[in-house]
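Just so we're aligned: 294 in UniProt numbering is position 294 of the sequence shown, and the numbers increase by one with no gaps anywhere.
Backbone N, C-alpha and C define an ideal beta-carbon position, used for all residues, glycine too.
Keep in mind it's a predicted model, so treat the numbers as computed, not measured.
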Amino acid sequence: MDKTFQPADIETRWYQEWEEKGYFAPQGGDEAYSIMIPPPNVTGSLHMGHGFQEAIMDALIRYHRMAGYNTLWQVGTDHAGIATQMVVERQLEAQGISRHDLGRDKFIEKVWEWKEESGGTITRQLRRLGASMDWSRERFTMDEGLSGAVQEVFIRLYKEGLIYRGKRLVNWDPVLHTAISDLEVISEEEQGHLWHFNYPLAGSEGHLTVATTRPETILGDTAVAVHPEDERYAHLIGRMIKLPLTDREIPIIADDYVDREFGTGCVKITPAHDFNDYEMGKRHGLPTINILDDDARIGGEAPEQYLGMDRFDARKQIVADIDALGLLEKIDDHTLKVPRGDRSGVVIEPYLTDQWYVDARELAKPAIKAVEDGDIQFVPKQWENTYFAWMRDIQDWCISRQLWWGHRIPAWYDDKGHIYVGESEEAVRAENSLADEMTLHQDPDVLDTWFSSALWTFSTLGWPEETEELKTFHPSSVLVTGFDIIFFWVARMIMMTLHFRKEVPFHTVYVHGLVRDSQGQKMSKSKGNVLDPIDLIDGIDLDSLLKKRTAGMMQPKLAAKIEKLTRKEFPEGIAPYGTDALRFTYFSLASTGRDIKFDIGRIEGFRNFCNKIWNAARYVMMNCDGEDCGQDESLPIERSLADRWIISRLQETEQEVAKAIASYRFDLASQAIYEFIWNEYCDWYLELSKPVLWDDNADPAAKRGTRRTLIRVLETSLRLLHPLMPFITEEIWQAVAPLAGKSGDTIMLQPYPLADTNAMDSAANADIEWLKGVIVGIRNIRGEMNIAPGKELTVLLKNGGEDDKRRLRDNALFLRKLAKLSDIEWLDESDEAPVAATALVGELEILIPMAGLIDKDAELARLAKEIDKLEKDLARVKGKLANSAFVDKAPAAVVEKEREKMQAQQQALEKLQEQQQQIQNM
């Protein structure tokens with residue numbers, strides 16, 4: 001093994017070998033375990049959320065693969081209709097070409113060319129993350145098989161009356177010229193205005209004052225609503241009102257949706273341009289008047305003088321015109337949530353258009369029952385409530401998009417507007433006995449990408465054919481997803497799969513939190529708090545870091561923290577932490593359902609963990625390679641107390657890990673493994689092995705037992721850790737496996753460790769805990785009294801029981817070696833104890849005589865200097881916290897940090913004063 005651990009040297013090499021040798025493919029087994037990847041956009045690149053999600057899935061797959069399951073992790077990408085079309089259109093624009101210049105067919109060819117050349121970025125990055133997907137089965141939502149499945153589903157649902165075409169209100173992007181889903185709308189607070197207009201009553205004096213944030217929609221108003229119990233307006237319900245700037249009169253209606261406390265309690269109703277108004281319009285039978293066109297310019301049924309105006313220009317003109325009529329009451333500043341398209345960035349309009357819809361209410365019924373009956377379980381369970389809330393109030397699903405890239409809707413129209421649905425124009429003509437001379441034209445729209453991804457679990461396995469893969473791996477075992485797409489994807493997969501397969505798509509939905517920055521803020525480029533997983537894995541030069549900071553792409557504090565963490569060891573750039581360290585950081589934060597606060601400092605700690613494992617393995621190899629490691633069963637072996645203890649603790653750790661993974665508590669699994677490997681195996685057992693291995697007079701059977709334990713516990717620990725840290729475990733396992741009596745080409749196909757309760761030894765655990773307590777007590781005294789670590793000490797023991805005496809007899813060698821003791825003496829009750837520093841382990845008192853160990857005056861002088869410095873620092877912090885200007889104005893997190901600092905300084909001061917008093921009393 002190399003002297004130092006270099007992740008870049010091993011990770012790419014091992015991944016390439018795993019993939020080339022087909023280790024990711026199903027390996028057979030009595031029980032199947034499968035996961036379908038939430039297909040990332042083909043335009044995408046790996047972000048922290050992807051990294052976290054893929055790491056979770058990979059751990060589950062590797063764990064079950066090693067546990068003997070026939071595993072499949074189905075990989076694939078989504079064609080991402082809007083995103084992909086935008087990418088290719090931008091490339092064409094750079095050449096001075098539009099898609100309309102090319103025409104639909106030529107443009108689609110260009111998109112396919114882009115996909116083949118540039119659409120594989122995220123799949124390459126998934127490999128870099130160590131994701132053990134079966135790449136031989138990679139799918140794409142626009143490949144031939146999945147396109148056939150999409151067409152089959154559309155046709156069948158249409159013929160069953162569950163797909164229809166209708167005019168409804170949708171989210172309309174006036175730049176992309178398409179309907180978009182709610183998930184593609186980002187609503188954030190912006191500063192705007194609230195205009196108050198007076199609407200005159202018809203046939204009498206007086207008016208009602210209404211408030212609106214969108215004055216241009218006045219042209220489409222069809223009612224003014226008040227609350228039915230609002231006494232101010234009860235006498236006006238049913239009256240008519242004159243709509244300013246038009247020659248129309250509209251009714252005053254009553255609806256309990258109206259908030260009496262907001263504004264004047266009177267609400268203008270524009271059913272064609274507001275979702276809530278649309279629903280109210282349906283309740284009251286109001287007409288819908290469209291006043292916009294596809295570009296969000298004034299059009300439709302608007303008054304002629306505004307036709308063709310941009311909506312925001314029209315807003316200014318309408319306000320001015322109403323003001324000229326004397327009907328503008330006032331204008332207030334107002335904070336409101338503005339919906340913008342996540343791709344185009346423009347304000348989205350509720351817009352009345354003809355679209356294709358799925359009757360979601362009908363499909364939702366069995367989907368609700370599947371979760372109610374426990375056929376599908378959510379982890380954490382509370383997400384079932386969110387699922388039920390959405391599903392029980394579900395609206396019909398708009399599945400058409402006004403794009404060119406995507407699955408084109410298999411519907412044709414004749415000149416009279418009749419609709420014919422089928423596989424092709426030829427099939428439509430034959431099925432409906434249409435004359436050859438009848439002109440048909442295909443619907444220009446494509447299907448929403450969520451429609452094709454709703455079929456993902458079964459279409460990727462060959463449906464509508466009844467393939468062996470479908471029989472083996474469907475339903476899948478678990479879906480790993482974020483909460484933000486429970487409705488958009490999870491619910492729709494459940495609906496579609498139950499309808500077409502009559503079975504659930506998966507048995508468990510594991511809902512993870514979002515990856516946020518260390519302060520709990522959502523990561524975004526605009527905030528400059530985005531971390532790139534590949535940068536963390538492979539490193540980035542400091543020049544690039546500086547450019548990101550200068551360009552506002554990274555917060556100065558975050559950039560400075562990254563630079564500080566790494567400059568000492570990697571002066572040319574950010575440390576290449578490696579995949580294993582990043583993955584383990586994810587797992588350490590993965591408590592079920594909670595958002596993940598990702599602190600760059602944690603990955604530093606887990607890179608150190610990798611180094612710890614590497615160095616421990618080198619120690620084991622140096623002491624075991626070429627030596628008798630107990631493989632010959634005919635030769636006697638003797639296990640020491642330390643051997644029995646570490647074997648016992650290994651079984652307990654295996655038990656903890658299995659329980660944690662079964663409950664999707666990857667934080668607990670990683671913590672259990674970390675504690676065992678770092679604290680127990682590396683920090684304690686390796687040290688406890690040295691007195692045996694390095695003693696030339698030790699019994700050969702004892703040495704044989706320790707080497708056997710040393711190598712076998714390490715080999716088992718590597719298998720235990722492999723699903724979480726695949727690369728370092730593979731590299732080390734290749735070296736240690738033969739010495740541990742293991743054979744095989746790769747660790748990933750070795751059996752996962754199972755706890756053996758017969759090897760759990762509570763007596764050994766108790767004895768070692770005693771030993772550790774004594775050693776730690778002595779080490780603490782060394783530290784507190786500033787005694788050199790290498791100086792041998794005399795230790796006196798007092799007040800212990802018979803168990804303490806037995807443990808002393810059995811472990812005297814360990815105590816002398818590990819605590820650096822020259823002599824250990826047991827004091828009788830009648831013996832007078834000298835002036836000494838003390839520690840307690842249970843009732844056992846540990847005493848270290850101070851005579852001759854320290855220079856009392858020099859130590860008191862040192863302590864006095866430290867105490868003086870700490871008292872001054874503490875006084876400064878107390879002064880700051882006593883300043884009301886600071887406490888009231890500083891951010892809460894800053895104030896809390898100062899309080900924590902004060903508490904830590906107070907504790908440190910008390911400890912130093914205690915030491916000072918102890919030495920003065922000597």
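Legend entry - DSSP beta-bridge partners of residue 328: 197
Legend entry - Whole-angstrom distance between residue 200 and residue 239, CA atom to CA atom: 11 Å
Legend entry - One or two residues paired with residue 356 in a DSSP bridge: 165
Legend entry - Same chain only: Cβ atoms within 8 Å of residue 840, ignoring 5 sequence neighbours per side: 777, 846
Inset, instruction - Can you give me the start and stop residues for the alpha helix (DSSP H) that residue 282 sits inside? - result: 275-284
Legend entry - Collapsed DSSP secondary structure at residue 141 in the structure displayed: coil
Inset, instruction - Would you check if there are 3 or more beta carbon pairs closer than 8 Å linking the region 85-96 to the region 744-752? - result: no
Inset, instruction - Leaving out five residues on either side along the sequence, give the residues of the same chain with a beta carbon under 8 Å from the beta carbon of residue 611. - result: 4, 5
Legend entry - C-alpha distance - residue 475 paired with residue 49, whole-angstrom precision: 25 Å
Legend entry - For residue 340, three-class secondary structure by DSSP: strand
Legend entry - Reduced DSSP secondary structure (H/G/I, E/B, other) of residue 924: Because residue 924 is not part of the residues shown, which for the chain are 1 to 922, the question remains open.
Legend entry - beta-carbon residue 782 near the ligand ADP non-hydrogen atom, thresh 7 Å: As presented, the structure is devoid of all ligands, the ligand ADP included, so that no description of it is given.
Legend entry - Proximity to residue 365 [Cα-Cα], best of 499, 485, 453: 499
Legend entry - Simplified DSSP assignment, three categories, for residue 408: strand
Legend entry - Segments assigned beta strand (DSSP E), at least 3 residues, entirely inside the region 787-825: 793-798
Inset, instruction - Check whether the Cβ of residue 609 lies closer than 8 Å to any Cβ atom in chain C. - result: Among the chains in the structure shown there is no chain C, since it carries only a single protein chain.
Inset, instruction - For residue 95, count neighbouring C-beta atoms within 10 Å of its own C-beta (all shown protein chains included) and say buried if the count is 16 or more, exposed if not. - result: exposed
Inset, instruction - Within the same chain, show all residues whose beta-carbon is closer than 6 Å to that of residue 104, passing over the 5 residues directly before and after it, in chain order. - result: 404
Inset, instruction - Would you check if there are 3 or more beta carbon pairs closer than 8 Å linking the region 290-303 to the region 342-353? - result: yes
Inset, instruction - Rank 700, 582, 604 by C-alpha distance to the C-alpha of residue 629 and give the top, closest one. - result: 700
Legend entry - Contact check, residue 825 vs residue 796, beta carbons under 8 Å: yes
Inset, instruction - Report the partner residues of residue 70 according to the DSSP bridge assignment. - result: 32
Inset, instruction - Count the other C-beta atoms from every protein chain shown that fall within 10 angstroms of the C-beta of residue 487, then say buried if there are 16 or more, exposed otherwise. - result: buried
Inset, instruction - Specify, as a first and last residue, the run of the beta strand (DSSP E) that residue 377 falls within. - result: 377-379
Inset, instruction - Answer yes or no: do residue 848 and residue 781 have a C-beta to C-beta separation smaller than 8 Å? - result: yes
Legend entry - Reduced DSSP secondary structure (H/G/I, E/B, other) of residue 266: coil
Legend entry - Closest residue to residue 936 among 13, 128, 622, 640 (Cα-Cα distance): Outside the displayed range of the chain (1 to 922) lies residue 936, so it cannot be described from this structure.
Inset, instruction - List the residues that DSSP assigns as beta-bridge partners of residue 522. - result: 516
Inset, instruction - Give a yes or no on contact between the region 225-236 and the region 247-256, applying the rule of three or more CB pairs nearer than 8 Å. - result: yes
Inset, instruction - Tell whether a beta-carbon distance below 8 Å holds between residue 458 and residue 447. - result: no
Legend entry - Simplified DSSP state of residue 840, which is helix, strand or coil: strand
Inset, instruction - From the DSSP output, in three-state form, read off residue 182 for me. - result: helix
Legend entry - Helix, strand or coil at residue 333 according to DSSP, with G and I counted as helix: strand
Inset, instruction - For the alpha helix (DSSP H) containing residue 44, list its first residue and its last residue. - result: Here residue 44 belongs to no alpha helix (DSSP H), and DSSP marks it neither H nor E.
Legend entry - Residue span of the beta strand (DSSP E) that contains residue 211, given as start and end: 207-212
Legend entry - According to DSSP, residues forming a beta bridge with residue 506: 476
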